[in-house]
Structure formats: C-alpha cells, structure tokens
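One structure is given here, and the rest of the page talks about it.
Residue numbers (this note's numbering): 29 to 145.
Okay, here's the thing in structure tokens:
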C-alpha cells in the first residue's frame, strides 16, 4: 500500500521555486500530527512569531506544506501551501481527504480553488 503523504526532511525547496497558499485549515497541532503521522518542525519568524511546520510530499511527488504562525493576521490555523506549478484543484481535494477535513473546517479558501467555493 502506498502512503498518500510522506513527511519531508525540512531541507526541501519548492520544485518550481515558489508556492501558493490554498487554504487555512482550522486543526490543532496535535490533530495534524496524528493525521499526518509526522512530527513538526519549530522556529520563529521575526514578524510572525513562533511557527509550527509540517512539510512533505503526496504519493505522486507533489510538495505540500502546512505552517502555523502564532501572530499571523487573518484567520487562524495552518496555512496549506502547495508548489506553484501543482494542479491546485486536485491537490486541494486530495489533502481534504488526507486530513479528513470538511470545508466548514477551512477558515479560508483561495480563489485559485474554483470549485471549492
């Protein structure tokens, strides 16, 4: 059986050189750890404060990331990021299934995910 998500090492670079934010997911760090079967990385950003990061790849190699910044403006939760060259719609729906998340648990959804609105 192939795992849908494989945690990264923390040293990966976005294949395209950039990422886009697709959603803000209102889950706790504990729940993210359970669902992803992964340990997060921690750090501090001078402007956004302490952060918690889960990063890795889907089974097809698509790089994704979930990051929570303690002092980020806007809706609170994990920013769901994907490589800028990915198929946004497909990755969005795969991640919702992976995290067992309903749209009601999304604090924000990007306009890039057209059929999610």
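Yeah, the Cβ is synthetic: ideal placement off N, Cα and C, and Gly gets one too. Bear in mind that the values here come from a model prediction, so they are computed numbers and not experimental data.
query	result
State the CB to CB distance for the pair residue 72 and residue 92, rounded to an integer number of angstroms; the pair is presumed to be in contact (CB under 8 Å).	That belief does not hold up - the Cβ atoms of residue 72 and residue 92 are roughly 22 Å apart, past 8 Å.
Give me, in chain order, the residues of the same chain whose beta-carbon lies closer than 8 Å to that of residue 140; leave out the 5 immediate sequence neighbours on both sides.	48, 50 and 116
Taking the continuous alpha helix (DSSP H) assigned at residue 124, which residues delimit it?	116 to 127
Considering only the beta carbon of each residue, do residue 45 and residue 83 sit closer than 7 Å?	no
Please state whether the Cβ-Cβ distance between residue 87 and residue 32 is less than 7 Å.	yes
Report the partner residues of residue 76 according to the DSSP bridge assignment.	In DSSP, residue 76 forms no bridge with anything.
Let me know if residue 105 comes out buried or exposed under the rule of 16 or more other beta-carbons within 10 Å of its beta-carbon.	buried
Just to check, is the beta-carbon of residue 139 closer than 6 Å to a non-hydrogen atom of the ligand PLP?	Although the ligand PLP was asked about, the structure shown includes no ligands whatsoever.
May I have the straight-line CA-CA distance separating residue 79 from residue 136, to the nearest angstrom?	19 Å
Residue range of the alpha helix (DSSP H) that residue 93 falls in?	Careful: residue 93 lies outside any alpha helix (DSSP H), inside the beta strand (DSSP E) at 91 to 97.
At the level of alpha carbons, what is the spacing between residue 128 and residue 75?	31 Å
Please report the distance separating the alpha-carbon of residue 119 from that of residue 142.	13 Å
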